[in-house]
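Asker: I'd like to ask some things about the structure below.
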Amino acid sequence: MTVIVTPKAAPKAVIKDASMLKQKEMMAAHYERLTSAPETGEKVFSTFVPGNLNELIMCFGLLNNLPEVNAIQSGLRRQSGAYVLEAEKIGHSEDVCTYVKSDVGMMAKGNIGPNGKKLPNPDVLLLSYTGCFTFMKWFELLREQYKCETIMLHTPYLGDGKITPNMIDYMVKQLKDEVIPTLERISGVKFDIDRLRENLKKSVKAEDDLVHVLRSARNRPSPIDAYFGGIYYIGPIFGAFRGTDDAIDYYRFLRDEVDDRVAKGQGPVTPDGDMGKEKYRLVVEGPPNYTNFRQFWKMFYDEGAVVVASSYSKVGGVYDFGFRHDPDKPLESLAEYCLGCYTNRSLPMRIDLLANYLEDYQADGLLINSIKSCNSFSAGQLLIMREVEKRSGKPAAFIESDLVDPRYFSAANIKNRLESYFQMIEQKRAGARAAA
Ligand code: SF4
26 MTVIVTPKAA PKAVIKDASM LKQKEMMAAH YERLTSAPET GEKVFSTFVP GNLNELIMCF
86 GLLNNLPEVN AIQSGLRRQS GAYVLEAEKI GHSEDVCTYV KSDVGMMAKG NIGPNGKKLP
146 NPDVLLLSYT GCFTFMKWFE LLREQYKCET IMLHTPYLGD GKITPNMIDY MVKQLKDEVI
206 PTLERISGVK FDIDRLRENL KKSVKAEDDL VHVLRSARNR PSPIDAYFGG IYYIGPIFGA
266 FRGTDDAIDY YRFLRDEVDD RVAKGQGPVT PDGDMGKEKY RLVVEGPPNY TNFRQFWKMF
326 YDEGAVVVAS SYSKVGGVYD FGFRHDPDKP LESLAEYCLG CYTNRSLPMR IDLLANYLED
386 YQADGLLINS IKSCNSFSAG QLLIMREVEK RSGKPAAFIE SDLVDPRYFS AANIKNRLES
446 YFQMIEQKRA GARAAA
């Protein structure tokens, strides 16, 4: 008897440009370093992406572990669903931020990192509190689990929409009186402000190149997708690499790659290769969904929609309105950096930023991805939407999903809403042509 075996179709390979591959290697090397810490003796601190003080921490030879990034990695690898359920079994409510539940569930199941090795226990938890209350509750849970030292740097909320000298003084005082002395004690390394200045000088170079890359989306076609592609671009600078030579090399490389795409008139690279004709230019507010990241992105590029600016790609620092770390005012500029993080900005500031992007990037409209379990982004988004629509005269739309909980990604619903939104943009264009 002859058995004919029909081979299963191999999953389609994901296409990545050279900078994405380089970024992947950097992240993998960092996780190797992190999971080897128990053998190498390197001390580890946990902190969050918004307000992370990487340049300062490196002065003490500490190694950076970011719980949100671990949750994102679990989401992309489709492991977060089981972690979220595990956390709910332990008693965490359905409404809790799913980054937290993914992290808690991961710890309960052995704390295995994305490279398949156990993540080390932190020696210190450093919370730069930048507007999201969940950060504080999350670290309370970690403190209970690890019984390690905890430092809190309080960042005043920008309720009045501006940074005042008092705010900077207040933060510098905390850095001098609490953060730095505690880090000296834990690491056994004396603080050297010149080393901090050197690290900050490196940050500035990478920040300049990142801004250049993000601004390239002003071109038509845009050579980048500033939301889905933007996730790759922000990884090194919002994570463990700001203030390093590796970050300088990466952003220079990325900048050259993007300039080359502009010179050739090319659009972004998607997981299925070069994007076809650019039909819609969008500004997006809110984090993406990670459990169905590729499927979500495909709903955009299949329709010729490119994201030209997003608030999420500013979550670890807003650089495109001129802020840079300043080696001449090292502690003051760390304070200013924390104060300006997107999560620390008031609703009117967020509205200004998004309305400005619509204008600056000549976008067709605003899309809000409202994340079920992220109060920090989601609160006030309907108001943001109405206000930006009113100011810009451009159509806005609202979709809902979640960060890393696969139960809240409804592909059919999102696709329907996106298709209706693109039709709405077409109608607006037709109306404008008829009126001209
Ligand atoms: S900003 Fe949103 S996603 Fe991040 S910790 Fe706060 S609630 Fe969670």
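Sequential numbering of the sequence shown, starting at 26, is according to our numbering. Cβ atoms here follow ideal geometry from the backbone N, Cα and C, with glycine treated the same way. None of the values given here were measured: they were computed from a predicted structure.
Would you check whether the ligand SF4 has a heavy atom nearer than 6 Å to the C-beta of residue 269?
Answerer: No - the ligand SF4 has no heavy atom lying nearer than 6 Å to the Cβ of residue 269.
Asker: What did DSSP end up calling residue 299 once you bin it into helix, strand or coil?
Answerer: Three-state DSSP puts residue 299 in a strand.
Asker: Only counting the same chain, and skipping five residues up and downstream in sequence, which positions put a Cβ closer than 7 Å to that of residue 442?
Answerer: So the list reads 422 and 424, once near-sequence residues are dropped.
Asker: Please name the residue or residues paired with residue 306 in a DSSP beta bridge.
Answerer: BP columns for residue 306 point to 331.
Asker: Can you give the beta carbon distance from residue 268 to residue 225, rounded, assuming they're within the 8 Å contact cut?
Answerer: So it is a contact: roughly 7 Å between Cβ atoms.
Asker: Which of helix, strand or coil does DSSP assign to residue 175?
Answerer: In the structure shown, residue 175 sits in a strand (DSSP, three-state: E or B).
Asker: Does the structure place the stretch 152-172 close enough to the stretch 351-369 that three or more beta carbon pairs sit under 8 Å?
Answerer: The stretch 351-369 vs the stretch 152-172: in contact.
Asker: Tell me which residue opens and which closes the beta strand (DSSP E) that residue 422 is part of.
Answerer: Where residue 422 is concerned, the enclosing beta strand (DSSP E) stretches over 421-426.
Asker: Give me the Cα-Cα distance between residue 75 and residue 345, rounded to the nearest whole angstrom.
Answerer: Cα to Cα, residue 75 sits roughly 16 Å from residue 345.
Asker: Specify the secondary structure class of residue 392 as computed by DSSP and reduced to three states.
Answerer: Looking at residue 392 - three-state DSSP - the assignment turns out to be strand.
Asker: According to DSSP, which residues form a beta bridge with residue 143?
Answerer: The partner list for residue 143 (beta bridge, DSSP) reads 137.
Asker: Inspect the beta-carbon positions of residue 72 and residue 428 and report whether they are closer than 7 Å.
Answerer: It is not a contact, given that the beta carbons lie outside the stated cut-off.
Asker: Leaving out the 5 sequence neighbours to the left and right, which residues in its chain are closer than 8 Å to residue 168 when beta-carbon positions are compared?
Answerer: Excluding sequence neighbours, residue 168 sits near 150 and 175.
Asker: Report buried or exposed for residue 438, applying the criterion of at least 16 other Cβ atoms within 10 angstroms of its Cβ.
Answerer: Its Cβ having fewer than 16 others within 10 Å, residue 438 is exposed.
Asker: Taking C-alpha atoms, which residue in 246, 237 and 244 lies nearest to residue 258?
Answerer: Among 246, 237 and 244, the Cα nearest to that of residue 258 belongs to 237.
Asker: Between which residues of its own chain and residue 250 is the CB-CB distance below 7 Å, once the five residues before and five after are set aside?
Answerer: Cβ neighbours of residue 250 beyond the five flanking positions: 293, 331 and 332.
Asker: Quick one, which of 243, 242, 215 and 261 has its alpha-carbon nearest residue 228's?
Answerer: Residue 261 is the option with its Cα nearest to residue 228.
Asker: Taking residue 283 and residue 246 to be in contact with their CB atoms under 8 Å, please state how far apart those CB atoms are, rounded to whole angstroms.
Answerer: With a Cβ gap of about 12 Å, residue 283 and residue 246 do not count as contacting.
Asker: By a C-beta neighbour count over all protein chains shown, 10 Å radius and 16 as the cutoff for buried, is residue 445 buried or exposed?
Answerer: With fewer than 16 Cβ atoms within 10 Å of its Cβ, residue 445 is classed as exposed.
Asker: Rounded to the nearest angstrom, what separates residue 42 and residue 255 at their Cα positions?
Answerer: If you take the alpha carbons of residue 42 and residue 255, they lie about 13 Å apart.
Asker: Relative to the C-alpha of residue 339, which residue among 166, 202, 355 and 402 is closest?
Answerer: With distances taken between Cα atoms, residue 339 lies closest to 402.
Asker: Under 8 Å by Cβ, that's how I've got residue 111 and residue 119 pegged, so tell me the actual separation to the nearest angstrom.
Answerer: The Cβ separation is near 14 Å, so there is no contact.
Asker: What do you reckon, are the CB atoms on residue 373 and residue 186 nearer than 7 Å?
Answerer: Yes, the Cβ-Cβ distance between residue 373 and residue 186 is below 7 Å.
Asker: Whole angstroms are fine: how far does the CA of residue 134 sit from the CA of residue 115?
Answerer: Going by the C-alpha atoms only, they are around 12 Å apart.
Asker: Between 55, 137 and 244, which lies nearest to residue 385 when the distance is taken from Cα to Cα?
Answerer: When each option's Cα is compared against that of residue 385, the closest is 244.
Asker: Quick check: the stretch 303-320 against the stretch 63-70, are at least 3 beta-carbon pairs closer than 8 Å?
Answerer: Judged by Cβ distances under 8 Å, the stretch 63-70 makes no contact with the stretch 303-320, as fewer than three pairs qualify.
Asker: Could you check which residue in 105, 417 and 376 has the C-alpha nearest to that of residue 404?
Answerer: Cα-wise, what sits closest to residue 404 is 376.
Asker: Closest to residue 127 by C-alpha separation, out of 365, 419, 92 and 145, would be which residue?
Answerer: When each option's Cα is compared against that of residue 127, the closest is 92.
Asker: Can you give the Cα-Cα distance for residue 52 and residue 381, rounded to whole angstroms?
Answerer: Using only the alpha carbons, I get a separation of about 32 Å.
Asker: Quick one: grab the DSSP three-state call for residue 267.
Answerer: Coil.
Asker: Within 10 Å of its beta-carbon, does residue 406 have 16 or more other beta-carbons around it, so buried, or fewer, so exposed?
Answerer: When all chains shown are included, residue 406 counts as buried.
Asker: Is the CB-CB distance between residue 357 and residue 204 below 7 Å?
Answerer: Not in contact: residue 357 and residue 204 (Cβ atoms no closer than 7 Å).
Asker: Flag this pair as yes or no: are the beta carbons of residue 315 and residue 101 separated by less than 7 Å?
Answerer: Yes.
Asker: Applying the criterion that 16 or more other CB atoms from any shown protein chain within 10 Å of the CB defines a buried residue, is residue 46 buried or exposed?
Answerer: Exposed, by the Cβ-count rule.
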